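Visitor: To start, I am sharing the structure in question, which I have written as structure tokens.
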Amino acid sequence: MRLLYASHEVCTNALIPGAKGDKGIIGEVGEEGIMGKAGPPGNSGFAGDAGIKGDMGHLGKMGPMGHKGDKGDPGLDGPLGLKGTPGSTCDCGRYRRLVGHIDNNLGRLRNSMIFVKNVLLGLRETEEMYYLLVKEAKMFHQASINCRLRGGVLAMPKTPNTNRILADYCSQAGLTRVYVGVKASAGTNGTRSYKYSDSSPLQEFSGWSDTSPSSNSSCVELLSSGTWAHTDCDNFMYFICEFSKSRRRTGTTPTVVS
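Going by the numbering used here, the sequence shown opens with residue 12, and the numbers climb by one from there.
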């Protein structure tokens, strides 16, 4: 007779780990995993070598014109040119004769102009002025207007030389006196001052005699002796006009006939 004994141990399928084994062999490389997050940027690297020069690009737009530069140094002399052909023979004698004829004609023309001015027109002249003796008896005011209508003024003997020319002009015409462009004007304080036709005052020169002027007459006459004298402005008398040469560069002459 067999006896059955009850046991308190329970049967189980659980495996109990054993002791740690030795290190195994390295396995094969597995597949690439999923890309992870971007890491922080790294430090700048060193500059690389220059690349190969590229092709020329397209022509760009023309820029604005720059400032004009300084003048450069003269260049070297160029080579001598080819020898020219011989010129024609000059008939110099014929041209000399032609120039001589022109000079003669100019001389005759100058003499004719002098004759016209001094003889036909009866003019006298200095380097700056023409003078015309008008043989039309007029009062002083009328004489002044007449000279202005001719393009001038009553003659103003401002220098001894001019005074002498006008006096000789009067004497050679057989006259003893003529009106000239000098007249007295009353001042605010009762004094009298003398002025020329252009309103300029008498300066260094005057043609009065040794005695100072003391007449009440305002107008002045030039005597053939060269001295000045007072005269009534209502007297009828011949007169001398003057014309500036600087105003007559066009070749015109003073008007002789009123």
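The beta-carbon is built from N, C-alpha and C at its ideal position, and this holds for glycine as well.
Note that the structure is a prediction, hence the values are computed from the model and not measured.
Beta-carbon of aspartate 179 versus every beta-carbon of chain B: anything under 7 Å?
Guide: In the displayed structure, chain B is absent; only one protein chain is listed.
Visitor: Just mark threonine 263 as buried or exposed, buried being the case when its beta carbon has 16 or more other beta carbons within 10 Å.
Guide: As a working mapping, residue 263 is identified with position 252 in the sequence shown. Caution is warranted here: a pLDDT of 49 is assigned to threonine 263, below 50, making its placement in the model unreliable, and no coordinate value can be reported.
Visitor: Which first and last residues belong to the beta strand (DSSP E) in which threonine 242 is found?
Guide: What you label residue 242 is simply residue 231 of the sequence shown in a count that begins at 1. From DSSP, the beta strand (DSSP E) with threonine 242 extends over 239 to 242.
Visitor: How would you write the range of the alpha helix (DSSP H) that tyrosine 155 sits in, first residue to last?
Guide: Numbered from its first residue, the sequence shown carries residue 155 at position 144. Note on residue identity: the sequence assigns serine, not tyrosine, to residue 155. For serine 155, the uninterrupted alpha helix (DSSP H) segment begins and ends at 151 to 160.
Visitor: Closest to lysine 169 by C-alpha separation, out of Ala195, Glu215 and Gly163, would be which residue?
Guide: Here residue 169 refers to the residue found at position 158 when the sequence shown is read from its first residue. Of the listed residues, the one whose Cα sits closest to lysine 169 is Glu215.
Visitor: Mind checking which residues open and close the alpha helix (DSSP H) that includes alanine 178?
Guide: Counting from one through the sequence shown, the residue named residue 178 turns up at place 167. Taken as a continuous stretch (DSSP letters only), the alpha helix (DSSP H) holding alanine 178 covers 171 to 183.
Visitor: When you compare only the Cα positions, how much space is there between valine 231 and lysine 256?
Guide: Position 220 of the sequence shown, counted from the start, is the residue given in the question as residue 231. Position 245 of the sequence shown, counted from the start, is the residue given in the question as residue 256. The straight-line gap from Cα to Cα measures roughly 25 Å.
Visitor: Nearest by alpha-carbon distance to cysteine 244: which of Phe254, Thr238, Ile176 and Val193 is it?
Guide: Locating residue 244 in the sequence shown gives position 233, where the first residue counts as 1. Considering only alpha carbons, the answer is Val193.
Visitor: State the Cα-Cα distance for the pair alanine 184 and asparagine 246, rounded to the nearest angstrom.
Guide: To locate residue 184, count along the sequence shown from 1; it is residue 173. To locate residue 246, count along the sequence shown from 1; it is residue 235. Between the alpha carbons of alanine 184 and asparagine 246 lies a distance of about 20 Å.
Visitor: Take tyrosine 180 as the anchor and find which of Gly133, Ile113 and Lys82 has the nearest alpha-carbon.
Guide: The sequence position of residue 180 within the sequence shown is 169, counting from 1. Closest option to tyrosine 180, Cα to Cα, is Gly133.
Visitor: Do you know offhand how far glycine 95's Cα is from leucine 117's?
Guide: By 1-based counting over the sequence shown, the position of residue 95 is 84. By 1-based counting over the sequence shown, the position of residue 117 is 106. Their backbone Cα atoms lie some 39 Å apart in a straight line.
Visitor: If arginine 188 sits next to leucine 233, beta carbons under 8 Å apart, how far is it from one beta carbon to the other, in whole angstroms?
Guide: Numbered from its first residue, the sequence shown carries residue 188 at position 177. Numbered from its first residue, the sequence shown carries residue 233 at position 222. Confirmed, Cβ separation roughly 7 Å.
Visitor: Judging by CA-CA distance, which residue of Arg175, Val191 and Ser208 is the nearest neighbour of glycine 237?
Guide: Indexing the sequence shown from 1 puts residue 237 at position 226. Ranking the options by Cα distance to glycine 237, first place goes to Arg175.
Visitor: Ends of the beta strand (DSSP E) at isoleucine 251?
Guide: Position 240 of the sequence shown, counted from the first residue, corresponds to residue 251. Looking at the DSSP string, the run of the beta strand (DSSP E) that includes isoleucine 251 is 248 to 255.
Visitor: Ignore the nearest five residues each way along the sequence and tell me which others in arginine 135's own chain have a CB closer than 7 Å to its CB.
Guide: Numbered from 1 along the sequence shown, position 124 holds the residue referred to as residue 135. Tyr142, Ile176 and Tyr180.
Visitor: Quick one: Cα of glycine 38 to Cα of glycine 32, how far?
Guide: Counting from 1 along the sequence shown, the entry for residue 38 is found at position 27. Counting from 1 along the sequence shown, the entry for residue 32 is found at position 21. So the alpha carbons of these two residues sit roughly 17 Å apart.
Visitor: On the three-state DSSP scale, how would you describe glycine 192?
Guide: Residue numbering aside, residue 192 sits at position 181 when the sequence shown is read from its first letter. Here glycine 192 sits in strand by DSSP.
Visitor: Is glycine 192 near the ligand GTP, judged by its Cβ being under 6 Å from some heavy atom?
Guide: Looking for the ligand GTP in the displayed structure turns up nothing, as the structure carries no ligands at all.
Visitor: Taking the alpha carbon of alanine 154 as the reference point, which residue from Arg121, Tyr190, Ala178 and Met140 has its own alpha carbon closest?
Guide: Working through the sequence shown from its first residue, we reach residue 154 at position 143. Comparing Cα positions, the closest option is Tyr190.
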